[in-house]
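Chains as they are written, first to last, in UniProt numbering: chain L, 1 to 519; chain A, 1 to 228. In this text, a Cβ means the ideal position worked out from N, Cα and C, and glycines have one as well. Values in this document were obtained by computation on a predicted structure and should not be read as measured data. Comments concern the structure below.
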Amino acid sequence: MSDRTSAAVPGAGPRRFLRAALARIPLPLRGLRPRLLTSFVLVAMASSLGTGALAFREARTGVLQQSQDSVINRFRASVDAVAPAIPLAPDQSDLQFAVDQVRYANRSSDWRIMAAYGGHRAYAPNPGFVELSPEMLRSVRDRRVAVFQRMNVDGRPRLVVGMPVTYTSDEGLETMLSGLVMYLEVPQTTEEGYVEAMVRGIERATLVALCLAVVLALLAASGVLRPVRALRRATRRMAAGHLDVRLDVSGSDELADLSQSFNETAAELERTVRELRRLEAQGRRFVADVSHELRTPLAAMSAVTDVLDLEGEGETGEALRLISEGTNRLSGLVNDLMEISRFDAGAAELNRDEIDLAESVRRTVASRWRQEQVETRLPGPGELRARVDPRRLDVVTANLIGNALRHGEPPVRLTMGVRVDGAGTTWAVIEVTDNGPGIAEEDMPHIFERFYKASTSRARSESSGLGLAITAENVRLHGGRIRAANLPSGGAVFTVELPLHRDDTDTAADTGAGGGSTR
Amino acid sequence: MPRVLIVEDDLDVRRAVQLGLRHQGHEVFAVETGEEGLEQLRPFRPDVVVLDLMLPGMSGLDVCRRIRDRDQVPIIMVTARGDDVDVVVGLETGADDYVVKPVQARVLDARIRAVLRRQDASLPDGTRPRAETYGELVVDRAGLVVTHRGEPVTLAPSELRLLLTLSASPGQVFSRQQLLEAVWEHSYHGDIRLVDACVKRLRNKLGEGRNPRYVQTVRGFGYRFGTS
Chain L
1 MSDRTSAAVP
11 GAGPRRFLRA
21 ALARIPLPLR
31 GLRPRLLTSF
41 VLVAMASSLG
51 TGALAFREAR
61 TGVLQQSQDS
71 VINRFRASVD
81 AVAPAIPLAP
91 DQSDLQFAVD
101 QVRYANRSSD
111 WRIMAAYGGH
121 RAYAPNPGFV
131 ELSPEMLRSV
141 RDRRVAVFQR
151 MNVDGRPRLV
161 VGMPVTYTSD
171 EGLETMLSGL
181 VMYLEVPQTT
191 EEGYVEAMVR
201 GIERATLVAL
211 CLAVVLALLA
221 ASGVLRPVRA
231 LRRATRRMAA
241 GHLDVRLDVS
251 GSDELADLSQ
261 SFNETAAELE
271 RTVRELRRLE
281 AQGRRFVADV
291 SHELRTPLAA
301 MSAVTDVLDL
311 EGEGETGEAL
321 RLISEGTNRL
331 SGLVNDLMEI
341 SRFDAGAAEL
351 NRDEIDLAES
361 VRRTVASRWR
371 QEQVETRLPG
381 PGELRARVDP
391 RRLDVVTANL
401 IGNALRHGEP
411 PVRLTMGVRV
421 DGAGTTWAVI
431 EVTDNGPGIA
441 EEDMPHIFER
451 FYKASTSRAR
461 SESSGLGLAI
471 TAENVRLHGG
481 RIRAANLPSG
491 GAVFTVELPL
501 HRDDTDTAAD
511 TGAGGGSTR
Chain A
1 MPRVLIVEDD
11 LDVRRAVQLG
21 LRHQGHEVFA
31 VETGEEGLEQ
41 LRPFRPDVVV
51 LDLMLPGMSG
61 LDVCRRIRDR
71 DQVPIIMVTA
81 RGDDVDVVVG
91 LETGADDYVV
101 KPVQARVLDA
111 RIRAVLRRQD
121 ASLPDGTRPR
131 AETYGELVVD
141 RAGLVVTHRG
151 EPVTLAPSEL
161 RLLLTLSASP
171 GQVFSRQQLL
181 EAVWEHSYHG
191 DIRLVDACVK
201 RLRNKLGEGR
211 NPRYVQTVRG
221 FGYRFGTS
């Protein structure tokens, strides 16, 4: 067990290293195309070079063999022709005669001939011969067969043939060595030319095979890569949310199969998403429809609550007060639901107007609460102007303060200021803090969700449960941000940031002309 | 005792609004359809029309248009929240104000009283001259008559009150919020589309082109009455 573990670890090391090294190669180099190209080229080179080498060896041997055989035969015939005319113990002139005869018989060939007998040497066409190897000398002295040897003289290949001259003994039973040896030296340039031409031919064939291999590799690569690329494009499009993307399936190979699977997956995904959207839209429409239907009877009830005698004594008066209160809360709820439905339907309109933000907040507070209920710290008049929807800003401010008063403890404090972020955008920042117990950690992620009520405050909540959700939607509609947090000293803090739209040239010009700059 | 004509198709709502407004001291006549409402305009001679936009048959917008063709009686539209386009079209058609369903009788009563006050807004104000002339425009504050190039201009109550408010201080810039408070008696955070739609109607009636002479826009701030 331990052995196997210890064996696996060093095995994984190099593989991981290899993979890491491969990953460092840029994609164009480790992609399919270069890999296919390399394989094709390697295969083409190996096969053409291998075939060429084998063919070359056989052909070269054949060519040389044939040429040397014919040379030896001709040489033997010439020697045989001249041998009878040579006495058994020839002198220098006999030798000269012999070489001249042989040379003359083969005058068209570039032969160099030497005859040796004892200490005599005769040459044709002129004196001089290659140095003979000791093996050849020994062979022609002792044996009755012709020997040949390939030699290189000054880089030029030569065939050297040694032929002992024999005679038949008087008994006619065996041949005897006469002691006379004829030597032949032939340049082999023609044969070498053949071999060189063959090498060139093989080289050329290899080159053609390489080119073919590259073309084939590129064709094969594009054949494989086209569907792969199409698949990659389709996947990216799908990731971007275009679920209707499909691939053209052509052929019946694995890639076609893959494309087919992709199409099926995409179709299924699209169907599921469409179904989910349909259900969601249905749910939202249901809420909108219900709110709409509730509104008619509610309109009748709201119109008459003022007629009820709310000052009445006893149980009837109490009942009427409850009805009136319930009607008002129901109206608020239905209005909030309608508002949410409009956000969901994308029908919420932003009616911007350039206003003094501090003045707006001051009015919001003044119209709903007593001065001592909310502490405000606001910029001076005209210091902070912005293009916002005044009605929606009122909703945002009122909901945050209302929320703080309901769930927190006094003092509830509202501050407003300006912040410039790293990107150079200027934000109006509104902060509402209370002195209550703060927001429980488990409630924090859900605080802006619809109908989410922190469990601790459920009992005393009078809100519809949509206030913070609507607040968040209004802030988002302005391109702003909202977040909730707890203060270190206890209590919750809600922060709203609204962009000041300084990029709007019209607005900037107006602000400048009016002298109401926010700086 | 203001006379209020209610056009509302739902029986319960119609009776409830009638009850609620009577309780607030109005003389109320309620009809079910737009056609009936137009018929009752002459005999009943309402001081104000409360018009539901969602009506079977002739739509509330059509009714509004037809009333404006012959009468400058104040019109308060009743809309359902979510009918944003209808609100804008209704305001441009000539409605003076709007409320959102469900509405308390108390709130509707306040709007009715406000829109009626608009009509007698600038009644005798002895210190002012009877008629003021601004170029080709003559505003008779006492008689509440406006003439442009010698022709009388018929203005809906909100248009008249807007013109009187702006022209009372020529050159002074009014923010939309100020105008909402002064002309419509809405809160600071009311619907600024009321102002914009009314300005548009007023400019049309005064024959103003691309460069308005009387009701001028001060971008980023609001409107002012041109002195030139």
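What I want to know is whether the C-beta of residue i ends up closer than 6 Å to one or more non-hydrogen atoms of the ligand COA.
i, result
"residue 402 of chain L", "Ligands in the displayed structure: none, and consequently the ligand COA is not present."
Give me the chain L residues within the contact set of residue i, using Cβ-Cβ distance strictly less than 7 Å, ordered along the chain.
i, result
"residue 101 of chain A", "295 and 299"
"residue 26 of chain A", "Going along chain L, no residue has its Cβ under 7 Å from residue 26 of chain A, so there is no contact; the nearest lies around 12 Å."
"residue 177 of chain A", "355 and 390"
Whose C-beta lies closer than 7 Å to the C-beta of residue i among residues of the same chain, with five residues either side of it excluded?
i, result
"residue 408 of chain L", "434, 435, 436, 491 and 492"
"residue 480 of chain L", "496, 497, 498 and 499"
"residue 320 of chain L", "308, 309, 310 and 312"
Is it right to say residue i is buried, meaning 16 or more other beta carbons lie within 10 angstroms of its own, or is it exposed?
i, result
"residue 177 of chain A", "buried"
"residue 175 of chain L", "exposed"
"residue 505 of chain L", "Bear in mind that the predicted position of residue 505 of chain L carries a pLDDT of just 42, short of 50, making it unreliable; the figure below should be weighed with that in mind. Residue 505 of chain L should be labelled exposed."
"residue 318 of chain L", "exposed"
"residue 169 of chain A", "exposed"
"residue 391 of chain L", "buried"
"residue 225 of chain A", "buried"
"residue 110 of chain L", "exposed"
"residue 134 of chain L", "exposed"
"residue 154 of chain L", "exposed"
"residue 272 of chain L", "exposed"
"residue 95 of chain A", "buried"
"residue 168 of chain L", "exposed"
"residue 47 of chain L", "exposed"
"residue 85 of chain A", "exposed"
"residue 199 of chain L", "exposed"
"residue 399 of chain L", "buried"
CB-CB under 6 Å to residue i, same chain, minus the five flanking residues each way: which ones, in chain order?
i, result
"residue 55 of chain A", "9 and 34"
"residue 44 of chain L", "209, 210 and 213"
"residue 123 of chain A", "Its pLDDT being 48, under 50, residue 123 of chain A is placed unreliably by the model, and the measurement read from it follows with that caveat. Hits under 6 Å: none found."
"residue 249 of chain L", "256, 259 and 260"
"residue 26 of chain A", "2 and 4"
"residue 397 of chain L", "361 and 364"
"residue 57 of chain A", "33"
"residue 165 of chain A", "182 and 183"
"residue 460 of chain L", "Residue placement at residue 460 of chain L cannot be trusted, given a pLDDT of 48 that sits under 50; what the coordinates show is reported in the next sentence. Contacts found: none."
"residue 217 of chain L", "36, 37 and 40"
Starting from residue i, find everything on chain A with Cβ-Cβ shorter than 7 Å and list it in chain order.
i, result
"residue 399 of chain L", "Residues of chain A passing the Cβ test: none, with the nearest at roughly 13 Å."
"residue 331 of chain L", "102"
Residue i versus chain L: which residues are under 9 Å apart at the beta carbon?
i, result
"residue 187 of chain A", "363, 367 and 394"
"residue 105 of chain A", "302, 303, 304, 305, 306 and 307"
"residue 199 of chain A", "Residues of chain L passing the Cβ test: none, with the nearest at roughly 13 Å."
"residue 225 of chain A", "Here the premise fails: no neighbours, minimum Cβ distance about 17 Å."
"residue 19 of chain A", "303, 304 and 307"
"residue 114 of chain A", "Within chain L, no residue comes near residue 114 of chain A; the closest Cβ sits about 16 Å away, beyond 9 Å."
"residue 13 of chain A", "296, 297, 299, 300 and 303"
"residue 210 of chain A", "Those within 9 Å of residue 210 of chain A in chain L number zero; the least Cβ separation is about 16 Å."
In chain order, what residues of the same chain have a beta carbon less than 8 Å from the beta carbon of residue i, not counting five sequence neighbours either side?
i, result
"residue 401 of chain L", "364, 365, 368, 369, 374, 412, 414 and 432"
"residue 143 of chain L", "164"
"residue 190 of chain L", "67"
How would you list, in chain order, the residues of chain A whose beta-carbon sits under 8 Å from the beta-carbon of residue i?
i, result
"residue 344 of chain L", "In chain order: nothing, as chain A lies at least about 11 Å away."
"residue 489 of chain L", "Correct list: empty, because the minimum Cβ distance to chain A is about 32 Å."
So which residues on chain L does residue i lean against when the C-beta distance must stay under 8 Å?
i, result
"residue 191 of chain A", "351 and 391"
"residue 10 of chain A", "296, 299 and 300"
**Report entry** Contiguous alpha helix (DSSP H) assignments of at least 4 residues, all confined to the stretch 88 to 154 of chain L
**Finding:** 92 to 105 and 134 to 142
**Report entry** Length-filtered (4 minimum) alpha helix (DSSP H) runs lying within the stretch 150 to 182 of chain A
**Finding:** 157 to 168 and 176 to 179
Report task. Ignoring anything shorter than 3 residues or poking outside the stretch 160 to 213 of chain L, list the beta strand (DSSP E) runs there in chain order. Result -> 175 to 187
Query raised in the report: Are the stretch 155 to 169 of chain L and the stretch 17 to 31 of chain L in contact at 8 Å, needing three or more beta carbon pairs?
Result: no
Requested in this report: Starting from the N-terminal side, write out each stretch of the alpha helix (DSSP H) that is 4 residues or longer and does not extend beyond the stretch 312 to 366 of chain L.
Outcome: 314 to 344
Query raised in the report: What are the start and end residues of each continuous beta strand (DSSP E) run of 3 or more residues lying completely inside the stretch 359 to 411 of chain L, in chain order?
Result: 374 to 377 and 385 to 388
Requested in this report: Go through the UniProt domain "Response regulatory" (3 to 116) of chain A residue by residue and report every complete run of the alpha helix (DSSP H) that reaches 4 residues or more, in order.
Outcome: 11 to 23, 34 to 44, 60 to 70 and 84 to 93
Query raised in the report: Within the chosen definition, does the stretch 77 to 92 of chain L reach the stretch 112 to 124 of chain L through at least 3 CB pairs nearer than 8 Å?
Result: yes
Query raised in the report: Is the stretch 217 to 225 of chain L touching the stretch 239 to 247 of chain L, taking contact as three or more C-beta pairs under 8 Å?
Result: no
**Report entry** In chain order, each alpha helix (DSSP H) run of at least 4 residues that lies wholly inside the stretch 461 to 498 of chain L
**Finding:** 467 to 477
Requested in this report: Please list the segments of the alpha helix (DSSP H) lying wholly inside the stretch 8 to 89 of chain L, counting only runs of 4 or more residues, in order along the chain.
Outcome: 27 to 30 and 32 to 82
Query - Validate contact between the stretch 328 to 339 of chain L and the stretch 284 to 295 of chain L using beta carbons, cut 8 Å, 3 pairs - result: yes
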